[in-house]
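See below for the structure under consideration.
Protein chains in written order, with the numbering used here: chain A, 1 to 290; chain B, 291 to 600; chain C, 601 to 1067.
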């Protein structure tokens, strides 16, 4: 009787512990992002993640179907599967040209197969384009960026769009002026003076000017680039790498070391070979005189 | 400037942890992936442009991050021409979160217990302030480890990276003795990793899979750089401590902020570790001035056994 | 002296010095050594299978007793150049019975130095990479070259003086048995003892003695450079080459003293390895020990005077910290006590010398460990962010088994060598003994055309007497 009772208490306690563990909920997140590059290339990136407490893990090999404006067969953009980072990319097929051109505003929908009635993710965008131009004045060089949005049937200026304007560098954009970001005014334009001078460019002295809108609520992500000869040409001299150094490969040994090593080895091993020849000579004498 | 820093930090922190947050949308835009690096399939795919036109691109670009081809060992030993990689670590931002360590260990399948990024609690003098110092391989320009390797298993590339070829290393560990920064680790046993990773093609640029009986260390993630992405530690740090770039371009970035390297070092008095040894490291540190977090906020993440070490 | 006495003397010497079969003690000794080698081999099999994780070396203490054993072996092998070469070149006659002991210690030590370094490699199957992809800038390559060269030269220095003895060994075939006799024939049946052969041999030995001195100095200097080319506290010293060489001479000489005593006792060689030999060796060893003590004072006291930040932890660890007991043991038992013993004439008798020799060798083994691992456990940047086991080092049973196995293996080579070849050169001993008795009879050293003729050349007076 007593045993049964204590067992019951134990059982209930264990249940409590298990229940408490379950209270840390995992949330699956599906996100859609729209990208527009150089006013022509456009694509969608879908990301699937599992968030448990503070940790986020990518979900691999998950398939989703993408639709334009509504979940219907003629509006299907395509089927995508997430990669090792939990991301998938999709272009818009040429078949949707009609629907795309019909309206300024569009909605992208992602649906997991088997759960067609449930929208896993959706994204609304207004068609927009961005272009970049340069003004080379007497004292200063400026970059002019214009953002336009498609309203009814024409392109109108898009104001209050925050963006990065600068020079493309490895892994990021070096801001042309002193601010981190710039916002378009009512005419949808922003002018940035390139305050950084003597920027290293490629071998011809070209640098790539870039304007980048990151994750705008209305327009998605926009990107445009333009190469200009405003940089300093750097010649890729590799003399540092080709020199004879102690840390270089065997084929670029410092000459003094080669000389020392070989002269010592040749000297000593020459003597050894001479001595081995002496043994052979002794042997010859011995076998000859018998 | 102060406000921008705060908003940037918030943006980063409230964003999702992992590579997406710090680089924003960057890793998908095509100029990021240098066109000559992509492994083109030859097959084309048609897509609808913004203006309603139909354009064609190579199928390789259908992936969020296009594949790069396998490089022969001789190319991996030469490195990327015209580049000189450099890293700047801002000690005023480090909180000992060790996200850098987690990401690097995870992506390279480093054996548990070992790390290629170690975050030290440093205190230069008894009266000076303690600070957190993330330490990686410094990819020295006069690398003592490369000088002593008998088989050329560790070598200096023209892009400044000091790399290890695990297919050649004989495991003598002379490089480990020679490195004054104690940054190299040794695979005393076969590191634990999933079967599909262990059987994948080994590359000096990915440093995966690590092999038993060979030496391992931070490699500046050249495989990521070729894909147009930043090294894992740089992307993983929520506080933007790590900044990576090309000295020939005179710029470094932590994904969210990009700086002109020469200006940054001059303004903030950047320095290198153990400069007097003459190793000429490629990693600069910015002193812990105007710190974002007090030193004590990092103590919660420190191994209790390390508390008294300084 | 008449020819008959000369013959009986040389017969006596030959009988005394021919290699003898193992007695019971010899069998037990050999069996124990073989057992240690087998245990060591099993431990190595485990290491090959699981990786170096079976040792207790970790990322900080990345070099342990394999490497300290390596430098210990390289150190001992220098004795060949000291006793054999330097003493021969300086015409130190009393050292002649010891030359072969010294050479075989040198050869077996260098063989096991090479083996233990292969054991320490993480990827021993890639050994050939050293030759296919070798970088001449690396001190390891220099070490490979000089050790290989020293090995060949030591073998030659073992072989040339062995040729006259081979003839004697071939002659006494009933004592050696068929198998050994075949070996002797293969190695030296062409030796006739003619004047010309002797001339070539003598000249070759002289060349070898001259050549081996710089090579011997090189092997231990280059080995010391494995440490001195790094920035670490305790290793970043300009003194390392000379410091290591003086230590090598000391431990080698100590090893020879131990071997002298053992062979003397076991093979009953009191007439050849006399009390005088211990007296002489004692003086040599005490000088070497004082020299090594001098270098130690330079190596430890002067950095302690400055106490640079990077060296602080290392030096305090050695003087008063976790390595203090080992450190003071190595200094006191390895240097100071033997010096005190050998400073007195009574200390230079066989038994005290033997004890001093053992103390020197054991002290030297621990001293080599103190050179290698404590430095690694005091890195310049703090030891943080690593598992607790990385902060200390005590060898695992596999490491002990392999280290002891390697020492046993070296002793085994010496044991087998003494079983197969005369451990004291027969021919040279005969020649010298005859010389001595000639001096005693005639009161002056008589001139000979060659040092090593089997039959003594008679003086004109004797020739006249004969006729």
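For each residue, glycine too, the CB sits at the ideal point set by N, CA and C.
Quick caveat: nothing in here was measured; it's all calculated off a predicted structure.
field: DSSP three-state assignment for residue 500 of chain B, whether helix, strand or coil
entry: For residue 500 of chain B, the three-state secondary structure derived from DSSP is coil.
DSSP-derived helix/strand/coil call for residue 724 of chain C: helix
message: Less than 9 angstroms between the beta carbons of residue 651 of chain C and residue 502 of chain B, yes or no?
response: Going by C-beta atoms, residue 651 of chain C is nearer than 9 angstroms to residue 502 of chain B.
message: Could you tell me which whole beta strand (DSSP E) segments of length 3 or greater appear in the region 98 to 175 of chain A?
response: 105 to 111, 121 to 126, 128 to 136, 141 to 151, 154 to 157, 162 to 169, 172 to 175
- request: Could you check which residue in C:882, C:935, C:834 has the C-alpha nearest to that of residue 904 of chain C?
  value: Nearest to residue 904 of chain C by alpha-carbon distance, out of C:882, C:935, C:834, is C:834.
- prompt: When DSSP labels each residue in this structure, what does residue 755 of chain C get in the three-state scheme?
  reply: helix
task: Starting from residue 574 of chain B, follow its DSSP beta bridges and name the residues at the other end.
output: B:378.
task: Please list the segments of the alpha helix (DSSP H) lying wholly inside the region 788 to 849 of chain C, counting only runs of 4 or more residues, in order along the chain.
output: 795 to 828
- request: Pull up the CB-CB distance for residue 823 of chain C and residue 674 of chain C, whole angstroms please, since I reckon it's below 8 angstroms.
  value: 5 angstroms
message: Can you confirm whether residue 938 of chain C, when its beta carbon is compared against all beta carbons of chain B, has any partner nearer than 9 angstroms?
response: No, its Cβ sits nowhere closer than 9 angstroms to a Cβ of chain B.
message: Measuring alpha carbon to alpha carbon, tell me which residue in B:400, B:348, B:522 is nearest residue 474 of chain B.
response: B:400
- prompt: Who are residue 410 of chain B's beta bridge partners in DSSP?
  reply: Paired residues: B:423.
message: Quick test of your reading: residue 579 of chain C and residue 1005 of chain C, contact by CB under 8 angstroms. State the CB separation rounded to the nearest angstrom.
response: This structure cannot speak to residue 579 of chain C, because chain C is shown only from 601 to 1067.
task: Determine which residues share a DSSP beta bridge with residue 865 of chain C and list them.
output: According to DSSP, residue 865 of chain C bridges with nothing at all.
query: Is the shortest distance between the beta-carbon of residue 247 of chain A and the beta-carbons of chain C less than 9 angstroms?
result: yes
message: I need the boundaries of the beta strand (DSSP E) containing residue 34 of chain A, first residue and last residue.
response: 26 to 37
- request: Residues of the region 31 to 43 of chain A with a CB closer than 9 angstroms to any CB of chain B: list them in chain order, please.
  value: 31, 33, 35, 36, 37, 38, 39, 40, 41, 42, 43
message: Within a Cβ cutoff of 6 angstroms, which residues of the same chain sit near residue 831 of chain C, ignoring the five residues on either side of it in sequence?
response: none
query: Do you know how far the Cα of residue 214 of chain A is from the Cα of residue 337 of chain B?
result: Looking at the two C-alpha atoms, the distance is approximately 22 angstroms.
query: Can you find at least 3 beta carbon pairs, one from the region 517 to 527 of chain B and one from the region 487 to 507 of chain B, that sit closer than 8 angstroms?
result: no
query: Given that a residue counts as buried once 16 or more other Cβ atoms are within 10 Å of its Cβ, and exposed if not, what is residue 509 of chain B?
result: Looking at its Cβ environment, which holds 16 or more other Cβ atoms inside 10 Å, residue 509 of chain B is buried.
- request: Can you tell me which of B:581, B:589, B:561 puts its alpha carbon nearest to the alpha carbon of residue 376 of chain B?
  value: B:561
- request: Kindly list the residues whose CB is nearer than 8 angstroms to the CB of residue 902 of chain C, restricted to its own chain and excluding five residues on each side of it in sequence; keep chain order.
  value: none
field: Chain-ordered chain B contacts of residue 721 of chain C [CB-CB under 8 angstroms]
entry: 460, 461, 462, 503
query: Are at least three pairs of beta-carbons, each pair with one atom in the region 945 to 956 of chain C and one in the region 367 to 375 of chain B, less than 8 angstroms apart?
result: no
- prompt: Cα-Cα, which of C:864, C:710, C:718, C:621 is closest to residue 774 of chain C?
  reply: Residue 774 of chain C has its Cα closest to that of C:621, out of C:864, C:710, C:718, C:621.
Pick from C:660, C:796, C:663, C:974 that is closest to residue 284 of chain A, judged by C-alpha positions: For the residues C:660, C:796, C:663, C:974, the minimum Cα distance to residue 284 of chain A belongs to C:796.
message: So for residue 590 of chain B, helix, strand or coil by DSSP?
response: Helix.
query: Since residue 563 of chain B and residue 381 of chain B are thought to touch, with beta carbons under 8 angstroms apart, how far apart are those beta carbons, to the nearest angstrom?
result: No, residue 563 of chain B and residue 381 of chain B are not in contact; Cβ-Cβ is about 11 angstroms, not under 8 angstroms.
- prompt: Out of curiosity, what's the CA-to-CA distance linking residue 271 of chain A and residue 709 of chain C?
  reply: Whole-angstrom Cα-Cα distance: 23 angstroms.
- prompt: From residue 164 of chain A to residue 177 of chain A, what does the alpha carbon distance come to, in whole angstroms?
  reply: Rounded to whole angstroms, residue 164 of chain A to residue 177 of chain A spans 10 angstroms at the Cα level.
query: For residue 845 of chain C versus residue 743 of chain C, is the C-beta distance shorter than 9 angstroms?
result: no
task: Taking residue 1020 of chain C as the reference, give the member of C:700, C:897, C:685, C:641 with the closest Cα.
output: C:700
message: So with CB distances below 9 angstroms, who are the chain B contacts of residue 729 of chain C?
response: 440, 441, 442, 443, 458, 459, 460
message: If contact is defined by three or more beta carbon pairs under 8 angstroms, each pair taking one atom from either stretch, is the region 610 to 627 of chain C in contact with the region 425 to 440 of chain B?
response: no
query: By DSSP, does residue 444 of chain B sit in helix, in strand, or in coil?
result: In the three-state DSSP reduction, residue 444 of chain B falls in the strand class (E or B).
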